[in-house]
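Per my numbering, residue 62 is the first one in the sequence shown, and the count goes up by one each step. Presented below is the structure to which this report refers.
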Amino acid sequence: MSRPKSDGNVQTFGEQAIWPRPAPSRSRRPHRHPSVISPAAIEKIKEIVGADHLHIGVDRSRYLLEGRTPDAVAFPGSVEEVCQLLALASEEGVAVIPWGGGTKMSLGAPPKSFQLVIGTTRLNRLLEHEPGDLTATAQAGMTHEAFQAMLAPSRQWLSLDPPFASRATLGGIISTNSAGPKCHLYGSARDLVIGVGVVTADGALVRGGGKVVKNVAGYDLPKLYIGALGTLGIVVELTVKLRPLPEGDALLVAQFQSISAAAAAARALMDSDLIPNAIELLDREAVGGMSRILSQRVEGYALLAGFDGLAEQVAWQLGEAEQTTAKHGANASLRLAGALKEKAWQFVRELDPQSVPDSPVRCKIALLPTQVAAVFTEGERIARRGRVQVVLVSHFGLGIVTALFALGGAGQSVDPLVDALLGWREMVRGMGGQLAIEAAPQAVKEKVSVWDPPDASVRIMERIKAELDPKGILNPGRFVGDI
62 MSRPKSDGNV QTFGEQAIWP RPAPSRSRRP HRHPSVISPA AIEKIKEIVG ADHLHIGVDR
122 SRYLLEGRTP DAVAFPGSVE EVCQLLALAS EEGVAVIPWG GGTKMSLGAP PKSFQLVIGT
182 TRLNRLLEHE PGDLTATAQA GMTHEAFQAM LAPSRQWLSL DPPFASRATL GGIISTNSAG
242 PKCHLYGSAR DLVIGVGVVT ADGALVRGGG KVVKNVAGYD LPKLYIGALG TLGIVVELTV
302 KLRPLPEGDA LLVAQFQSIS AAAAAARALM DSDLIPNAIE LLDREAVGGM SRILSQRVEG
362 YALLAGFDGL AEQVAWQLGE AEQTTAKHGA NASLRLAGAL KEKAWQFVRE LDPQSVPDSP
422 VRCKIALLPT QVAAVFTEGE RIARRGRVQV VLVSHFGLGI VTALFALGGA GQSVDPLVDA
482 LLGWREMVRG MGGQLAIEAA PQAVKEKVSV WDPPDASVRI MERIKAELDP KGILNPGRFV
542 GDI
């Protein structure tokens, strides 16, 4: 086994580097954060990012989180400034919330403490693009939409389709492991990120992975930070695998009278020789919302199947998919392309809570694909019993269900929502699955835990957190197990 090489402040192992080398931690005791940032610390932050990039007045209200407003919001313009900010926060014991485009800030438990927001939107440069290698490296504050636009002239794309792409940043996407319907074929950030640059809690810049697809040197650090909600460090750079843009891209919408028939058709597509990039099931409420968006009549339950590739191949697959769904009870189908297709996918990706009024709750459920139809049926029954409205969309092939819950009218107690959520959690756990609350009013989060009770693996997570963030300053308490 090769020894790590050292060169001054940089430590490397294989393709990985740490700069500057962090000092060993001397304490594992819980750290108490100050109630407010000291005036002296505010002045130091101003020196680091400049007065124009520091909000300490009324502009802070835009960064309200779980009823709390930060003392300061800083926007560093370089990786070095991020390092300096976190080193200062560690020294002062200030709790830090990383903030990208803000599209997923409702995810996670209410923070234990919250003084400083570090926004990444000024870190928005494309650092490197190698079309021949199908890789690109960008700063984490670049939006997904802007990144795709820079790749388009080379006829390449990052095969992720997260919600709110015009605002979601690359760093936020990997920190929440956000993905859309096309994860059915192309996977999530865990499958596409091959290298990261992360600033740790004490201000050290850590690089893991590499800039080539076939890289097996060192530990797989990128996966450690994907889905960690910024609790282990702030992602500042990332390298991803790309794909050529497909020549054709279309969507089939098949309509069914029952969820069991729609699920049977979805299983038939998965068992066939077809290669859909997405298979989504929508309940009646979701179909109604999509119908209004498309100005097309769609009723009952719907199965959405996407296909891309060569234009001739896409047309053939659409025809085969129509025949398969018809054999399993589809009473109508639509072929969508262009703008209508994009509208349909945007609705499915974002399932905007505004389409369901009155304090909606958004949940994500993970279980076996074979259990999706049962969750739809039993879950709708639980919601009706409590007079709660529910909207359901599922990445069928992955067994992931997104559920929106809402009260029937404004000004009601949240107790019906609480009862519905507890009923759903009991149902899902009884099936061996998991339920997480992605967004909810504060009054709901006070009565229902955002996360399921953690299993034994939480002890490993706690040890990793203690090593990388011994003072607990990064997103304290927001992750599973109060991490």
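By construction, the Cβ of each residue, glycine as well, lies at the ideal position given by its N, Cα and C atoms. Just so we're clear, the structure is a prediction, and the values are computed from it rather than from any experiment.
So the candidates are the options; which of them puts its Cα closest to the Cα of residue i?
i: Q318; options: G118, R129 and T438; result: T438
i: E346; options: L465, E403, P477 and D281; result: L465
i: W160; options: Q495, A133, M331 and L149; result: A133
i: F368; options: V449, L397, I426 and L342; result: L397
i: G162; options: G270, Q374 and S227; result: S227
i: E298; options: G291, G256, R520 and A329; result: G256
i: T386; options: V433, E411, L429 and L335; result: L335
i: G484; options: L535, V449 and A197; result: V449
i: D214; options: G390, E191, G361 and T130; result: At residue 214 the sequence reads Pro, which differs from the Asp that was named. Ranking the options by Cα distance to P214, first place goes to E191.
i: V519; options: G542, E507, P537 and K272; result: G542
i: G458; options: A427, V451, G138 and I443; result: A427
i: L126; options: I158, G138, S99 and I98; result: I158
i: L535; options: A112, I179 and R328; result: I179
i: I234; options: H245, P242 and D222; result: D222
i: A481; options: E499, V267, H456 and V509; result: V509
i: E360; options: A323, A382 and G380; result: A323
i: A250; options: G264, P283 and L195; result: P283
Ordered along the chain, which non-local residues of its own chain (more than five positions away) have a Cβ less than 8 Å from that of residue i?
i: M203; result: L184, N185, R186, L187, T230 and L231
i: A405; result: L312, V314, M351, I354, L355, L365 and L397
i: P477; result: G447, R448, V449 and L468
In its own chain, which residues sit with a C-beta less than 7 Å from the C-beta of residue i, not counting the 5 before and 5 after it?
i: K532; result: H92, S151, G154 and A262
i: A501; result: V422
i: I103; result: I117 and A133
i: R524; result: none
i: W218; result: Q209, L212, L303, R304 and L306
i: Q200; result: L184, N185, R186, L188, V297 and E298
i: A504; result: V475
i: V589; result: Absent from the model: residue 589. The displayed extent of the chain is 62 to 544, so no value can be given.
Just verifying my parser: in three-state terms, what is the DSSP assignment at residue i?
i: P283; result: helix
i: P307; result: coil
i: A84; result: Since pLDDT at A84 reaches only 41, below the 50 mark, its modelled position is unreliable, and the value read off the structure follows with that caveat. Here A84 sits in coil by DSSP.
i: I340; result: strand
i: A250; result: helix
i: E381; result: helix
i: R90; result: Residue placement at R90 cannot be trusted, given a pLDDT of 44 that sits under 50; what the coordinates show is reported in the next sentence. Coil, per DSSP.
i: R423; result: strand
i: I521; result: helix
i: A326; result: helix
i: L483; result: helix
i: A363; result: strand
i: W406; result: helix
i: I320; result: helix
i: K508; result: coil
i: M492; result: coil
i: P477; result: helix
i: A527; result: helix
i: L401; result: helix
i: G349; result: helix
i: D543; result: helix
Leaving out five residues before and five after residue i in sequence, what residues of the same chain have Cβ atoms less than 6 Å from its Cβ?
i: I117; result: A133
i: S220; result: Y247 and R304
i: K526; result: I544
i: G258; result: R268, V297 and E298
i: A84; result: The pLDDT assigned to A84 is 41, lower than 50, so where the model puts this residue is not dependable; a value taken from the coordinates is nonetheless given after this. Closer than 6 Å at Cβ, skipping near neighbours: no residue.
Under the criterion of a Cβ to heavy atom distance below 7 Å, does residue i qualify as lining the ligand GDP?
i: A329; result: This structure simply doesn't include the ligand GDP, nor any ligand for that matter.
Name the DSSP beta bridge partners of residue i, please?
i: S394; result: A315
i: E298; result: Q200 and G258
i: D369; result: D310
i: I354; result: Looking at the DSSP assignment, I354 forms no beta bridge with any residue, so it has no partner.
i: I498; result: C424
i: L535; result: V157
Worksheet entry | alpha helix (DSSP H) runs wholly inside the stretch 173-239, at least 4 long, in chain order | 205-212 and 231-237
Worksheet item: At what residue ranges does the stretch 431-467 contain a whole run of the alpha helix (DSSP H), taking only runs of 4 or more?
Response: 433-446
Worksheet item: Counting only runs that start and end within the stretch 127-176, where is the beta strand (DSSP E) found for 3 or more residues in a row?
Response: 133-135 and 157-160
Worksheet entry | Complete runs of the beta strand (DSSP E) confined to the stretch 95-128 [at least 3 residues] | none
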